[in-house]
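These notes concern the structure reproduced below.
Numbering (the numbering used here), first residue to last: 6 to 372.
Rendered as C-alpha cells:
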C-alpha cells in the first residue's frame, strides 16, 4: 500500500481521529487508524468501540491496499512537518514508512483485517438539519449535561425528534437546558428518543465547528450516525430511558423579569470574586426596576451590585449557584433575557425575549 498526499489535506482529519483513538487502549488496535488506499480515494477510520469517525479524501492511491498505524503518532508527525509538504505513507511488510522531503519515520503496524468496526443498527429515524444549528443546540444542552453521575443516563444529551423538530435536552438534577431546531424527517416518525453519550457530544462539537452545510442524521435504538460531505461519525447510544424532563419545566410562573444579558454577565463576574468556594451562591433580589446581586464568603467578605431591570412581580429574594447563572449568559445570543419566577423557593426559567427556545431552568439554592 502506498499513498502520496498533501499535508494540508490530511492534517485536520488526523487531528479529529487522534481525539478518538485511545492513548493507552485496552486493545492495541484501538490506538491505530485504519488507512484504506483505493483507486480513486483514501479512507481513514478511527474507533474506540464507543464512537467511530470515518473520512474519505479524494486522493488516488499510488498502490492499493490497507494498513493500520498509531493514530496519535501519525498526527504528531504530520503536524511537525513543514506546511506544503507532500507526505508519502508506504506499507512494506510489518512496518509503515512515512516520508516527506528529507524526513523519514518508520511506524509499527497491526493487521488491518483485525480492525474492529462499530456495530450500527438499522435506523428508526432519518433526516437532515443545518450543521451550525445542530452545533448550537448541542452546545446549549451541553451546559447542563452531568459528568460521572451514578445516574448514567444523565451523562449525555437526549435527542428527541417530533413534528419535524429536533430537540436537545440535558439535566444534571440542578438545572435543565433545552433547544430545538428544524429537522427534515424522512418518512413517518411519530416520536424518536435516544441519549447521546458525553464523549460523542464533545467530538460532535469539534467536528461541527468548521462545517456550515447540511448534516444527515440516522438514528436507531442503539446507535447514532451523522454524515456530512465525506465524513461519517457514529456512536453507541446510552442504553436507558431518559427521565420525563417536561416535569422539570415550570408552567405556572407568573412573574417576569427582562434583563440585559451583558449587564447580568458583568455583575455576576464581579460578585463571583467574593463568592464562597464551597458554596458558590449569589443572592438575587428582584424589585420592579432593579436587580441586586450579593455574594459572601468564608472570610466574611461580601460584594453587592445592582443594575436596572423590568420586573412585573413583587420584591423577591432567591439564591442560585453563580456558575449556573454565568452559563445562562453564555448560551443565549440575544441581548435581552426573560426570567420567569413564581416565588423565592421555586426554580427560574430563562429564555430569550419573545422566544421559547433555547430554554434554561435553574433550581434555587437554600442558604
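Positions of the beta carbon are idealized from the N, C-alpha and C atoms, including for glycine.
When the five nearest sequence neighbours on each side are left out, the beta carbons in the same chain lying within less than 6 Å of the beta carbon of residue 42 are those of 6, 8, 66, 69, 70, in order along the chain.
Counting only residues of its own chain and dropping the five nearest sequence neighbours on each side, residue 78 has a CB closer than 7 Å to the CB of 112.
A Cβ-Cβ separation of about 6 Å places residue 24 in contact with residue 208 under the 8 Å criterion. Taking a C-beta distance under 7 Å as the contact criterion, residue 279 and residue 289 do not qualify as a contact pair. Within the same chain, and ignoring the five residues on either side of residue 173 in sequence, the residues whose Cβ sits closer than 6 Å to its Cβ are 142, 143, 146, 162, 184.
When C-alpha distances from residue 238 are compared across 21, 87, 261, the shortest belongs to 21. Within the model, the alpha-carbon separation for residue 132 versus residue 302 is close to 50 Å. Restricted to the region 111 to 140, not a single alpha helix (DSSP H) segment is unbroken, complete and at least 4 residues in length. Less than 7 Å separates the beta-carbon of residue 114 from that of residue 73.
Secondary structure at residue 203: helix, using DSSP grouped into helix, strand and coil. With contacts defined as CB atoms closer than 7 Å, residue 201 and residue 128 fail to qualify as a contacting pair.
Comparing alpha-carbon positions, the option among 318, 103, 64, 214 lying closest to residue 263 turns out to be 318. Rounded to whole angstroms, residue 136 and residue 284 show a C-alpha spacing of 38 Å.
Residues 324, 370, 372 of the same chain have their beta carbon placed closer than 6 Å to that of residue 286, with the five preceding and five following residues left out of the count. In this structure, residue 186 sits near residue 138, with a CB-CB distance shorter than 7 Å. For residue 10, the number of other beta carbons within 10 angstroms of its own is at least 16, and it is reported as buried. Annotation: residue 97 is outside any alpha helix (DSSP H); the continuous beta strand (DSSP E) that includes it extends over 91 to 97. Sorting 242, 203, 333, 357 by C-alpha distance to the C-alpha of residue 368 places 333 at the top. Here residue 197 carries a strand assignment [DSSP, helix/strand/coil].
For residue 100, the uninterrupted beta strand (DSSP E) segment begins and ends at 100 to 105. Looking at the DSSP output, residue 185 sits in a beta bridge with 172. Under DSSP, residue 366 forms a beta bridge with 181, 354.
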